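*Asks:* Protein chains in written order, with our numbering: chain L, 7 to 130; chain A, 7 to 130.
We treat Cβ as the ideally placed atom computed from N, Cα and C, and that holds for glycine.
Values in this document were obtained by computation on a predicted structure and should not be read as measured data.
There are 2 protein chains.
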Amino acid sequence: MIIKINDMSDIPIYQQIRNQIIAGISDGKLEPGEQLPTVRGLATEIGINSMTVSKAYQLLKQEGYVYSDRRNGVCVRRDFEQKKQLSKSSSDGLKCIIAEAKVGGMTKEDFLEICEKMFEEGQS
Amino acid sequence: MIIKINDMSDIPIYQQIRNQIIAGISDGKLEPGEQLPTVRGLATEIGINSMTVSKAYQLLKQEGYVYSDRRNGVCVRRDFEQKKQLSKSSSDGLKCIIAEAKVGGMTKEDFLEICEKMFEEGQS
DNA sequence: CTCTTTGTATTATTCATTATAATACAAATA
DNA sequence: TATTTGTATTATAATGAATAATACAAAGAG
Numbered sequence: 007m008i009i010k011i012n013d014m015s016d017i018p019i020y021q022q023i024r025n026q027i028i029a030g031i032s033d034g035k036l037e038p039g040e041q042l043p044t045v046r047g048l049a050t051e052i053g054i055n056s057m058t059v060s061k062a063y064q065l066l067k068q069e070g071y072v073y074s075d076r077r078n079g080v081c082v083r084r085d086f087e088q089k090k091q092l093s094k095s096s097s098d099g100l101k102c103i104i105a106e107a108k109v110g111g112m113t114k115e116d117f118l119e120i121c122e123k124m125f126e127e128g129q130s
Numbered sequence: 007m008i009i010k011i012n013d014m015s016d017i018p019i020y021q022q023i024r025n026q027i028i029a030g031i032s033d034g035k036l037e038p039g040e041q042l043p044t045v046r047g048l049a050t051e052i053g054i055n056s057m058t059v060s061k062a063y064q065l066l067k068q069e070g071y072v073y074s075d076r077r078n079g080v081c082v083r084r085d086f087e088q089k090k091q092l093s094k095s096s097s098d099g100l101k102c103i104i105a106e107a108k109v110g111g112m113t114k115e116d117f118l119e120i121c122e123k124m125f126e127e128g129q130s
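1. Between which two residues does the beta strand (DSSP E) containing SER95(A) stretch?
2. With which residues is CYS41(A) paired in a DSSP beta bridge?
3. When the distance is taken between beta carbons, is SER15(A) closer than 8 Å to GLN22(A)?
4. Drop a sphere of 10 angstroms on the beta-carbon of THR58(A), count the other beta-carbons inside from all chains shown, and report buried for 16 or more, exposed for fewer.
5. Count the other CB atoms within 10 Å of the CB of ASN25(L); is the residue buried (16 or more) or exposed (fewer)?
6. Going by C-alpha distance, which of LEU118(A), PHE117(A), GLU106(A), VAL80(A) is nearest GLY34(L)?
7. Throw me the rounded Cβ distance for the ILE19(A) and ILE27(A) pair, which I believe falls under 8 Å.
8. So what does DSSP say about SER74(L), is it helix, strand or coil?
9. Using CA atoms only, rank isn't needed, just tell me which of TYR73(L), GLU69(L), LYS90(L), LYS89(L) is closest to VAL82(L).
10. Pop quiz: LYS89(A) and GLY110(L) are said to be a contact at Cβ under 8 Å. What is the actual Cβ separation, rounded to whole angstroms?
11. What residues in the region 82 to 103 of chain A have a beta carbon less than 9 Å from any beta carbon of chain L?
12. Mapping DSSP to helix, strand and coil, what is GLY47(A)?
13. Should PRO43(L) go down as buried or exposed, given a rule of 16 or more other Cβ atoms within 10 Å for buried?
14. Given that GLU106(A) touches chain L, what residues does it touch there, using C-beta distances under 8 Å?
15. Just mark LYS94(L) as buried or exposed, buried being the case when its beta carbon has 16 or more other beta carbons within 10 Å.
16. Confirm, please, whether the CB-CB distance from GLY99(L) to PHE86(L) is below 8 Å.
17. Whole-angstrom Cβ separation of PHE117(L) and PHE125(A), contact assumed at under 8 Å?
18. Cα separation between SER96(L) and ILE103(A)?
19. So LEU118(A) contacts chain L; which residues on that side make the cut at Cβ distance below 9 Å?
20. Could you round the C-beta distance between ARG84(L) and PRO38(L) to whole angstroms and report it? I think they count as a contact, below 8 Å.
21. Exposed or buried, LYS108(A), counting other C-beta atoms within 10 Å across all chains shown (16 or more means buried)?
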């Protein structure tokens, strides 16, 4: 599991880490029960502060994606909440993206095709 | 066209305004050529600083959604760029949302159905 | 027990972004 | 001429993000 930070992005580092961990779980690069890189290890690897990594992990923990032992570090949960619905922020974000797509001239079919491809891309 | 600001949101006010204007264009509440509320008018109406509204309008202008005369104010463009593809940030955001949906147990069909409904909701 | 590694907590500091405030200016128009 | 438009400027406050330097508790290895 390789984390790549984009310094030019306006997305905070801790958010980028969080997003990539979720993507990793989604496409199977990270398996249930698997341990994430250690806070200090990952911080050193990508050249950032430990607390920034910790912040990302705490966010993931709070959202229910991972859990943490003292000794075993932070691991991917085996029992995700299968809520089968989007979070409020995801839903709001999706509405925004769809509005932009429509104004940009995309048809419903155009958009759904893109979604379909994206969904299949990282086949878990 | 009513703009509603959520003070509790972590999304900056100028971004919220921008998003709602685009949503308004998308669903036809704002028509091509129509004038947006004046900078000072909207600022007073929703109780914020004029420059915050101006920042939102400048962003929309830069993105090609509106144009501005000195006297006629800021108006919705009549000739949008019909690029028929998602912006980089939209594409990245969508990937993120899809990853979260997948981890949450949604199938491709579940997700596409939600997208379809959202696309049809504000029928322009 | 001692030492190391784990996540976490604390405190302080720096930096960028956001938002406000108070003006000012050019252009258009009534 | 006076008003309204967007915009520019400068200063300031508030917040969030990231770093830095430690420290602590828990668990395991030796």
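*Replies:* Let me spell this out:
1. Looking at the DSSP string, SER95(A) is not in any beta strand (DSSP E); the run it does join, the alpha helix (DSSP H), is 94 to 109.
2. One point to set straight first is that residue 41(A) is Gln, not Cys, in the sequence displayed. Paired residues: CYS81(A).
3. yes
4. buried
5. ASN25(L) is buried by the Cβ-count criterion.
6. Comparing alpha carbon positions, the residue from LEU118(A), PHE117(A), GLU106(A), VAL80(A) closest to GLY34(L) is GLU106(A).
7. That belief does not hold up - the Cβ atoms of ILE19(A) and ILE27(A) are roughly 13 Å apart, past 8 Å.
8. strand
9. TYR73(L)
10. 5 Å
11. When CB distances to chain L are screened at a threshold of 9 Å, the residues of the region 82 to 103 of chain A falling below it are PHE86, GLU87, GLN88, LYS89, LYS90, GLN91, LEU92, SER93, SER95, SER96, SER97, ASP98, GLY99, LEU100, LYS101, CYS102, ILE103, in chain order.
12. Helix.
13. Result: buried.
14. By Cβ distance, chain L contributes ILE28, SER32, LEU92, SER93, SER96.
15. exposed
16. no
17. In this structure PHE117(L) touches PHE125(A) by the C-beta definition: roughly 6 Å separates them, less than 8 Å.
18. 6 Å
19. Contact of LEU118(A) with chain L by beta-carbon distance below 9 Å involves LEU118, CYS121, GLU122, PHE125.
20. 4 Å
21. buried
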